[in-house]
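Chains as they are written, first to last, in our numbering: chain A, 12 to 262; chain B, 12 to 262.
These notes concern the structure reproduced below.
2 protein chains.
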Amino acid sequence: MATGRTHRPATRSRGIPEATVARLPLYLRALTALSERSVPTVSSEELAAAAGVNSAKLRKDFSYLGSYGTRGVGYDVEYLVYQISRELGLTQDWPVVIVGIGNLGAALANYGGFASRGFRVAALIDADPALAGKPVAGIPVQHTDDLEKIIQDNGVSIGVIATPAGAAQQVCERLVAAGVTSILNFAPTVLNVPEGVDVRKVDLSIELQILAFHEQRKAGEEAADAVPAAATSGDTTDQGPDGDVPAVMPA
Amino acid sequence: MATGRTHRPATRSRGIPEATVARLPLYLRALTALSERSVPTVSSEELAAAAGVNSAKLRKDFSYLGSYGTRGVGYDVEYLVYQISRELGLTQDWPVVIVGIGNLGAALANYGGFASRGFRVAALIDADPALAGKPVAGIPVQHTDDLEKIIQDNGVSIGVIATPAGAAQQVCERLVAAGVTSILNFAPTVLNVPEGVDVRKVDLSIELQILAFHEQRKAGEEAADAVPAAATSGDTTDQGPDGDVPAVMPA
DNA sequence: CCATCTTTGTGCACGCGTTCACAAAGACAT
DNA sequence: ATGTCTTTGTGAACGCGTGCACAAAGATGG
Ligand SMILES: NC(=O)c1ccc[n+]([C@@H]2O[C@H](COP(=O)([O-])OP(=O)(O)OC[C@H]3O[C@@H](n4cnc5c(N)ncnc54)[C@H](O)[C@@H]3O)[C@@H](O)[C@H]2O)c1
Ligand SMILES: NC(=O)c1ccc[n+]([C@@H]2O[C@H](COP(=O)([O-])OP(=O)(O)OC[C@H]3O[C@@H](n4cnc5c(N)ncnc54)[C@H](O)[C@@H]3O)[C@@H](O)[C@H]2O)c1
Chain A
12 MATGRTHRPA TRSRGIPEAT VARLPLYLRA LTALSERSVP TVSSEELAAA AGVNSAKLRK
72 DFSYLGSYGT RGVGYDVEYL VYQISRELGL TQDWPVVIVG IGNLGAALAN YGGFASRGFR
132 VAALIDADPA LAGKPVAGIP VQHTDDLEKI IQDNGVSIGV IATPAGAAQQ VCERLVAAGV
192 TSILNFAPTV LNVPEGVDVR KVDLSIELQI LAFHEQRKAG EEAADAVPAA ATSGDTTDQG
252 PDGDVPAVMP A
Chain B
12 MATGRTHRPA TRSRGIPEAT VARLPLYLRA LTALSERSVP TVSSEELAAA AGVNSAKLRK
72 DFSYLGSYGT RGVGYDVEYL VYQISRELGL TQDWPVVIVG IGNLGAALAN YGGFASRGFR
132 VAALIDADPA LAGKPVAGIP VQHTDDLEKI IQDNGVSIGV IATPAGAAQQ VCERLVAAGV
192 TSILNFAPTV LNVPEGVDVR KVDLSIELQI LAFHEQRKAG EEAADAVPAA ATSGDTTDQG
252 PDGDVPAVMP A
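See below:
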């Protein structure tokens with residue numbers, strides 16, 4: 012979890028809890044892997060193990076989507092893949108723009124994981140005139156001057172910000188003014204956006220600081236522990252303290 | 012955000028709630044900015060606005076650390092920076108290794124935000140022999156064969172995984188066996204680790220899928236809405252649905 | 001057609017996190 | 001010293017999320 016959250020009052024979109032929505036992509040990934048191995052059905056227990064969650068939680072999550080399982084058998088993999096994809100809005104194509112084609116922006120542009128899930132890099136935008144026209148990952152970088160036109164021509168509603176922190180708010184405002192209503196922010200700043208615009212942030216530095224906190228705590232306990240059977244114990248499938256505050260969280 | 016959490020039963024480290032820990036870096040960032048502008052004190056209201064959170068939440072968060080404020084005045088910026096840094100374990104230096112120096116790994120190596128917070132890139136590791144010896148961000152890439160030795164020689168306890176998904180679990184196991192107890196995972200896989208090892212994950216694809224879900228919902232509501240005064244309303248400092256399931260969450 | 005066995009779907013209780021609202025603490029002016 | 005005004009620190013209520021535990025559903029075999 013690059014994230015910690017700023018709960019919007021009681022936004023339970025269409026009855027599906029936010030926590031459930033955040034896990035659907037996880038289930039989808041596990042299901043896709045099963046689908047590729049031509050596994051026809053899967054039980055909540057098996058799928059939960061693959062996704063790293065509690066099986067009761069998984070069943071409850073699925074119950075918000077409908078009754079898609081068969082008692083005594085499990086869930087049909089293909090059918091579930093389709094249902095979750097539809098629920099997440101992945102049956103349609105989402106054009107995305109990336110603003111700020113530096114180290115990170117270029118890596119994102121080269122990332123294959125985009126296209127594999129209905130997301131298409133529609134354009135790369137940067138303020139540096141030296142970059143304009145140069146292809147990155149096969150797509151020519153365009154100048155910030157044309158930002159509004161690019162957004163509108165491509166019908167983009169999702170924008171990724173990978174500029175320095177100082178430019179992020181301004182870029183954000185231009186994106187929103189041009190029609191973008193969802194933003195994934197990699198710059199370490201709080202973005203102020205109008206109501207109706209969703210912001211999620213990924214902050215590497217915050218993640219490391221959270222790890223450092225727990226690391227320090229572990230070191231402290233170890234020093235305080237006279238008993239040696241606490242640190243290197245079982246081999247449980249433990250997944251660490253959550254980031255309920257997602258590693259990535261809403262700005 | 013890379014988020015959704017797997018709550019460890021009742022792990023409230025040293026009395027500080029996990030949700031609070033996840034926000035401390037946020038406060039620290041805002042405080043550092045104030046410190047650079049030589050602002051001596053700040054009220055909970057002002058700081059909360061800068062960090063994008065509720066002021067009551069901020070005060071409660073700080074109350075877990077101690078009574079560091081002065082009623083009628085606010086908080087001493089420098090003092091608070093120190094206290095939070097100490098609490099997060101940032102007063103010491105944390106050597107970090109990055110495994111998998113591809114597009115993303117190289118971007119991370121070049122990222123200046125590391126060093127600015129007590130994190131030092133101790134080594135870059137990759138399995139590709141062609142990369143061995145080549146400098147990235149001024150640091151020569153080392154081969155995976157020497158992973159264990161590198162970890163031990165540098166006393167590394169925090170590792171970053173930026174390899175393809177297929178290699179992540181194996182790399183993870185080697186890191187853990189060599190002594191790493193905190194992992195930041197960028198590969199889209201669930202990592203299985205022994206108890207006592209913390210994993211946080213950042214998954215860009217999950218973040219985009221969560222945004223797509225809300226985007227689809229917005230589009231649907233808009234179509235259903237006959238009333239035009241719902242979409243482009245106020246200009247509140249709204250921060251979107253949280254990713255309580257942090258953008259980055261524990262694996 | 002009946003019995004058995006597997007697995008779903010969910011009622012329920014519990015705990016964490018958020019937020020309101022206010023008493024107490026202290027700065028500052030007179 | 002006393003009063004006023006600002007702002008902290010926290011008690012308490014509420015809501016969301018989690019996970020247990022089980023009844024009901026349905027598959028499967030005889
Ligand atoms: N590199 C990483 O691994 C990493 C990790 C976490 C967060 N970040 C954050 O991501 C952002 C980008 O990091 P980076 O390492 O790629 O930086 P970078 O300096 O390599 O790239 C920034 C790019 O943004 C462009 N830019 C600047 N102002 C702009 C504007 N107003 N409009 C459009 N483009 C503009 C620059 O021309 C440059 O190409 C930073 O905010 C950084 O803090 C980076
Ligand atoms: N590029 C992105 O923006 C992005 C975004 C989100 C997630 N990711 C994920 O991050 C990971 C890396 O992405 P990338 O784009 O940098 O990929 P990449 O192919 O450019 O780089 C992967 C690197 O890992 C190295 N590697 C492979 N197996 C290894 C092993 N066993 N030990 C050590 N090194 C090994 C390869 O030699 C290569 O240099 C992937 O899992 C990807 O899904 C990338």
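All residues carry an ideal CB built from backbone N, CA and C; glycine is no exception.
Expected contact under 8 angstroms - CB spacing of L69 of chain B and L76 of chain B to nearest Å: So it is not a contact: roughly 11 angstroms between Cβ atoms.
State the Cα-Cα distance for the pair V187 of chain B and G63 of chain A, rounded to the nearest angstrom. 19 angstroms
With distance defined between alpha-carbon atoms, name the residue in B:L101, B:A117 and B:E29 nearest to Q227 of chain A. B:L101
Using 8 angstroms as the cut-off, can you tell me whether the stretch 105 to 121 of chain A makes contact with the stretch 137 to 152 of chain A, which would need three or more C-beta pairs spanning the two stretches below that distance? yes
Contact residues within the stretch 37 to 52 of chain A, judged by C-beta distance below 9 angstroms to chain B: L37, L39, R40 and A41
Reduced DSSP category for D137 of chain B - H, G, I as helix; E, B as strand; rest coil: D137 of chain B: strand per DSSP, three-state reduction.
Would you give the residue range spanned by the alpha helix (DSSP H) that G170 of chain B belongs to? Here G170 of chain B belongs to no alpha helix (DSSP H); instead the beta strand (DSSP E) covers I169 to I172.
I194 of chain B in three-state terms, based on DSSP: DSSP places I194 of chain B in strand when its eight states are reduced to three.
Excluding the 5 residues preceding and the 5 following E29 of chain B in the sequence, name in chain order all residues of the same chain whose CB lies nearer than 6 angstroms to its CB. If we look at E29 of chain B and ignore the five residues flanking it on each side, it has no Cβ neighbours.
For the stretch 165 to 176 of chain A against the stretch 87 to 97 of chain A, do three or more pairs of beta-carbon atoms, one drawn from each stretch, fall closer than 8 angstroms, so that the two count as touching? By the Cβ criterion, the stretch 165 to 176 of chain A is not in contact with the stretch 87 to 97 of chain A, since fewer than three pairs of Cβ atoms, one from each stretch, lie closer than 8 angstroms.
DSSP three-state call for K160 of chain B: helix, strand or coil? helix
Check this for me: beta carbons of F197 of chain A and V213 of chain A, under 8 angstroms apart or not? yes
Who are the neighbours of Q94 of chain A on chain B, taking C-beta pairs under 7 angstroms? Within chain B, no residue comes near Q94 of chain A; the closest Cβ sits about 13 angstroms away, beyond 7 angstroms.
Within the same chain, show all residues whose beta-carbon is closer than 8 angstroms to that of L42 of chain A, passing over the 5 residues directly before and after it, in chain order. V53, L58, V88, L91, V92 and I95
C-alpha gap between L35 of chain A and S74 of chain A, whole angstroms: 12 angstroms
Are S46 of chain A and S55 of chain A touching if we call contact CB-CB under 8 angstroms? In this structure, S55 of chain A does not lie closer than 8 angstroms to S46 of chain A by Cβ.
Would you say A126 of chain B faces chain A, with C-beta separation under 8 angstroms as the test? no
I want to verify the contact list: residues of chain B whose CB lies under 9 angstroms from the CB of K229 of chain A, in sequence order. S168, T192, S193, G207 and D209
What in chain A is Cβ-close to L58 of chain B, meaning under 8 angstroms? Within 8 angstroms Cβ-Cβ: nothing; L58 of chain B doesn't reach chain A, min ~12 angstroms.
Determine, using beta carbons only, whether F264 of chain A comes closer than 8 angstroms to chain B. In this structure chain A extends from 12 to 262, so residue 264 of chain A is not present and cannot be described.
By DSSP, does Q227 of chain A sit in helix, in strand, or in coil? helix
Report yes if the CB atom of V108 of chain A is closer than 8 angstroms to the CB atom of F224 of chain B, and no otherwise. no
Threshold first: 4 residues or longer. Then list the alpha helix (DSSP H) segments lying entirely within the stretch 15 to 86 of chain A, N to C. For the alpha helix (DSSP H) assignment, the uninterrupted runs of no fewer than 4 residues enclosed by the stretch 15 to 86 of chain A are, from N- to C-terminal side, 29 to 47, 55 to 62 and 66 to 76.
For P199 of chain A, which residues in chain B fall below 7 angstroms Cβ to Cβ? R40 and G124
Beta-carbon contacts of P252 of chain A that lie in its chain and below 7 angstroms, excluding the five residues immediately before and after: Note that P252 of chain A scores 41 on pLDDT, short of 50, meaning its location in the model is unreliable; the coordinates nonetheless yield the value given after this. These residues qualify, in order along the chain: H225.
Within 10 angstroms of its Cβ, does A237 of chain B collect 16 or more other Cβ (buried), or is it exposed? With a pLDDT of 49 at A237 of chain B, under the threshold of 50, the modelled position of that residue is not reliable, and the figure given next carries that caveat. By the 10 Å Cβ count, A237 of chain B comes out exposed.
Is any beta-carbon of chain B found at less than 8 angstroms from that of A179 of chain A? no
Assign A126 of chain A to buried or exposed, taking buried as 16 or more other Cβ atoms, counted over all protein chains shown, within 10 Å of its Cβ. For A126 of chain A, the number of other beta carbons within 10 angstroms of its own is below 16, and it is reported as exposed.
Start-to-end residues for the alpha helix (DSSP H) that takes in Q103 of chain A: No alpha helix (DSSP H) holds Q103 of chain A; DSSP gives it neither H nor E.
What is the DSSP secondary structure of V213 of chain B, counted as helix, strand or coil? In the structure shown, V213 of chain B sits in a strand (DSSP, three-state: E or B).
Taking Q180 of chain A and L202 of chain A to be in contact with their CB atoms under 8 angstroms, please state how far apart those CB atoms are, rounded to whole angstroms. 6 angstroms
For the alpha helix (DSSP H) containing V152 of chain B, list its first residue and its last residue. Where V152 of chain B is concerned, there is no enclosing alpha helix (DSSP H), although the beta strand (DSSP E) it sits in stretches over I150 to H154.
Does the beta-carbon distance from P106 of chain B to R131 of chain B come in below 8 angstroms? yes
Around the Cβ of P51 of chain B, are there at least 16 other Cβ atoms within 10 angstroms (buried) or fewer (exposed)? Per the 10 Å Cβ criterion, exposed.
Exposed or buried, what is P146 of chain B when buried is set at 16 or more other beta-carbons lying within 10 Å of its beta-carbon? Result: exposed.
Consider the C-beta atom of G144 of chain A and the heavy atoms of ligand 1; say whether any pair is separated by less than 7 angstroms. Answer for G144 of chain A: no, Cβ out of range of ligand 1.
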